[in-house]
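S.K.:
Residue numbers (the numbering used here): 43 to 179.
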């Protein structure tokens, strides 16, 4: 049968050939489906095996995460404690410096008083040892 259009079939198949071709095509499709299903089963098995193999790693990571959170909490409390101790240390240092400065001022005032008394009583030489015992006890 001659055709003018390229899409038309140029001949007809007998019924038994049609059924043979159809059964071959269906068999080919079924074989392809079986191969795909087998590969899918293999992929599922590999995926499940991988997931099961990763469970110990996941548990280990969860443990590490908990330990890290606990360590972070401990470090935070230690940082706060250290900051508090540093503040107390700076206050004590300031207090000690103030006390030392006051003592220097007292010593300076006492020395000035002694020098003033010594110069005032310079004429009475016998009073210097007595005054020294009074002020340097």
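Note that beta-carbon positions come from the ideal geometry of N, C-alpha and C, so glycine has one too.
These numbers were taken from a predicted model, which means no experiment stands behind them.
Given this structure, state the Cα-to-Cα distance separating residue 76 from residue 55, to the nearest angstrom.
M.R.: Rounded to the nearest angstrom, the two C-alpha atoms are 29 Å apart.
S.K.: In whole angstroms, what is the alpha-carbon distance linking residue 122 and residue 110?
M.R.: Taking the straight line from one Cα to the other gives about 18 Å.
S.K.: Give the straight-line distance between the Cα atoms of residue 182 and residue 81, rounded to the nearest whole angstrom.
M.R.: The structure shown does not extend to residue 182, since the chain is modelled only from 43 to 179, so the question has no answer here.
S.K.: Helix, strand or coil for residue 53 per DSSP?
M.R.: Three-state DSSP puts residue 53 in coil, outside helix and strand.
S.K.: Helix, strand or coil: how does DSSP classify residue 60 here?
M.R.: Correct three-state label for residue 60: helix.
S.K.: Any idea what DSSP makes of residue 178, helix, strand or coil?
M.R.: If DSSP states are grouped into helix, strand and coil, residue 178 belongs with coil.
S.K.: Taking 8 Å as the threshold (C-beta atoms), are residue 177 and residue 157 in contact?
M.R.: No, Cβ-Cβ distance for residue 157 and residue 177 is not below 8 Å.
S.K.: How long is the line joining the alpha carbons of residue 59 and residue 73, rounded to whole angstroms?
M.R.: One C-alpha to the other measures close to 21 Å.
S.K.: Pull up the distance between the alpha-carbon of residue 93 and that of residue 87, whole angstroms please.
M.R.: About 10 Å.
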